[in-house]
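Just so you know, we're using the numbering used here here: the sequence shown kicks off at 2 and counts up by one.
Below you'll find the structure, written out as structure tokens, and then a few comments.
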Amino acid sequence: MSKRVLRGIAWDHDRGHTCLVRTAPQFMMEHPGIEVLWEKRSLRDFGQAPIDVLADRYDLVIFDHPFVGKAAASGCLIDLRPHLDAGEISALLADSVGKSSESYHYDGGIFGLPTDAAAQVAAYRPDLLAGLGAEVPRTHDEVLRLARRARQQDKTISTPACPIDAACLIFTFAANLAAPLDTEGHRFIEPAMLDEVLGRIEELIRVSHPRSLDWNPIRSYDTMVATDDVVYSSYAFGYSNYSRKGRQPILLATNIAGPGSDPARGSLLGGAGLGVTHSCKDVEAAITYARWLHRPEFQAGAYFAEGGQPGLRSAWLSERVNAASNGFFQDTLETLDKAYLRPRWNGFLPFFEETGELANHWLRGALSRKELADRLTQNFERSRSSALTRTPA
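This is the structure:
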């Protein structure tokens, strides 16, 4: 009897691909009739490349939740709701980190399960902060003061602002200031608020490492551990891998420090979910694997141990997981619980990508603040109008 083979695609990192490859043998030992094979793609493609193209080639896909609008419109991912019982769905929602589980629910369907949970957090080198005689910032003004203090000793802070992360900053600052972009796309950020958001970002980038405009979170974190130049990172998607026991130097993580009345509010929700594609010929085997991958004991056990960042709250609260990660999960959970869920309508992601390109150009001086604001508003209105009239693809 031939094996039932599932082919999946994840993103290229210990947290994305490696942990799935390393744990697949355990699944196959427990389910000897099913083989799971994982391939990888870049982090950039994870956030931007069309999901429907992957769905034609793979049975399983690890994807970013804003793609659910495209999945619902195109049918490229199957609705998991008919394959799960009510108790399983309720359990995943109850065991959610913030809105992670909810983020894969769209238009009455469930297009993914919460494999990995993340949001923009802050991180710091405790040894370098101690050397400055500085405390961990809790507010936006304290972040700016830390940056100025660090500069006096030839050190700096970082704020990842490559195009995609520059877009994230706009939506996070708006949400932190209690004026989030309407998730249903009825309206864009009001002009006066958008001007304040851009002004706050501008002042933060001005005191950050000059390479911040080229960096994503991984490049920022890699610089922090490879050199002694960067003492603190603001608004970078959290990676528990840098906080684990045995890492030297260690990075510790903490809540974001925004300018709003609640500094920890509004971080852009990230993470990754497992979807089953329309091309999958053995949905029963795929659901068996999905259930196995999202068991609480597995998430807090082998999945974390092999480099994964769990998607379930029970793992984030685990004493053993936090001990092994120097408190990464418990120290950032407030930020995750208060994170901002992006719009997910079909067509939002092209607008989001375009926003990032424009914002990065603006931060490099190629656009004025008003020019950027006008372009963003126009692009939003055009994108949303197109989405409302688009027929399902």
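Quick reminder that beta carbons are idealized off the backbone N, C-alpha and C, glycines included.
As the structure is a computational prediction, the values presented were derived from the model and not from experiment.
Report whether the distance from the Cβ of residue i to the nearest heavy atom of the ligand ATP is below 7 angstroms.
i           : result
residue 225 : Because no ligand of any kind appears in the structure shown, any question about the ligand ATP cannot be addressed here.
Can you name the residues that DSSP bridges to residue i?
i           : result
residue 34  : For residue 34, which the question treats as bridged, DSSP gives no partner whatsoever.
residue 107 : 110
residue 129 : According to DSSP, residue 129 bridges with nothing at all.
residue 64  : 274
residue 238 : 121
residue 10  : 40 and 62
residue 232 : DSSP, once it has assigned bridges, lists no residue as partnering residue 232.
residue 115 : 274
residue 340 : In the DSSP output, where bridge partners are listed per residue, residue 340 has none listed.
residue 255 : 123
Would residue i and residue j qualify as a contact pair, given that the criterion is a beta-carbon distance under 8 angstroms?
i           : j           : result
residue 158 : residue 226 : no
residue 326 : residue 244 : yes
residue 93  : residue 114 : yes
residue 306 : residue 144 : no
residue 348 : residue 384 : yes
residue 56  : residue 107 : no
residue 228 : residue 125 : no
residue 219 : residue 44  : yes
residue 198 : residue 333 : no
residue 105 : residue 278 : no
residue 178 : residue 194 : yes
residue 213 : residue 161 : yes
residue 120 : residue 340 : yes
residue 86  : residue 111 : no
residue 357 : residue 180 : no
residue 380 : residue 353 : no
residue 141 : residue 264 : yes
residue 350 : residue 363 : no
residue 312 : residue 300 : yes
residue 96  : residue 292 : no
Could you compute how far the alpha carbon of residue i sits from the alpha carbon of residue j?
i           : j           : result
residue 173 : residue 230 : 26 angstroms
residue 284 : residue 295 : 16 angstroms
residue 200 : residue 252 : 29 angstroms
residue 235 : residue 30  : 42 angstroms
residue 217 : residue 237 : 8 angstroms
residue 68  : residue 154 : 44 angstroms
residue 269 : residue 342 : 7 angstroms
residue 309 : residue 206 : 31 angstroms
residue 66  : residue 187 : 20 angstroms
residue 246 : residue 369 : 45 angstroms
residue 224 : residue 148 : 16 angstroms
residue 336 : residue 267 : 8 angstroms
residue 386 : residue 346 : 12 angstroms
residue 204 : residue 53  : 39 angstroms
residue 302 : residue 24  : 10 angstroms
residue 344 : residue 361 : 21 angstroms
residue 185 : residue 109 : 15 angstroms
residue 165 : residue 324 : 32 angstroms
residue 88  : residue 138 : 41 angstroms
residue 98  : residue 82  : 20 angstroms
residue 131 : residue 146 : 15 angstroms
In chain order, what residues of the same chain lie with their CB nearer than 6 angstroms to the CB of residue i, ignoring the 5 residues before and after it?
i           : result
residue 249 : none
residue 376 : 359
residue 288 : 84
residue 273 : 63, 116 and 117
Quick check on the burial criterion: 16 or more other C-beta atoms within 10 angstroms. Buried or exposed for residue i?
i           : result
residue 392 : Low per-residue confidence applies at residue 392: pLDDT is 44, beneath 50, and the placement is therefore not dependable enough to give any value.
residue 16  : buried
residue 136 : exposed
residue 316 : buried
residue 183 : exposed
residue 209 : buried
residue 192 : exposed
residue 276 : buried
residue 322 : buried
residue 282 : exposed
residue 239 : buried
residue 70  : buried
residue 221 : buried
Within the same chain, show all residues whose beta-carbon is closer than 8 angstroms to that of residue i, passing over the 5 residues directly before and after it, in chain order.
i           : result
residue 36  : 4, 5, 6, 7 and 29
residue 365 : 214
residue 260 : 140, 141, 142, 174, 177, 178 and 201
residue 127 : 251 and 253
residue 280 : 56, 57, 58, 59 and 60
residue 1   : This structure cannot settle anything about residue 1, because the visible part of the chain is limited to 2 through 394.
residue 103 : 94, 97 and 342
What does a CB cutoff of less than 7 angstroms around residue i pick up in its chain, not counting 5 residues either side in sequence?
i           : result
residue 394 : For residue 394, the predicted structure reports a pLDDT of 42, less than 50, and the residue's modelled location is therefore unreliable. A value from the coordinates is still provided. For residue 394, where only same-chain residues beyond five positions count, the Cβ hits under 7 angstroms are 74 and 75.
residue 286 : 5, 7 and 35
residue 151 : 133, 157, 158 and 232
residue 20  : 304, 307, 308 and 309
residue 18  : 11, 12, 39 and 41
Answer yes or no: does any C-beta atom of chain C fall closer than 8 angstroms to that of residue i?
i           : result
residue 156 : Looking at the structure shown, chain C is missing, and only one protein chain is on hand.
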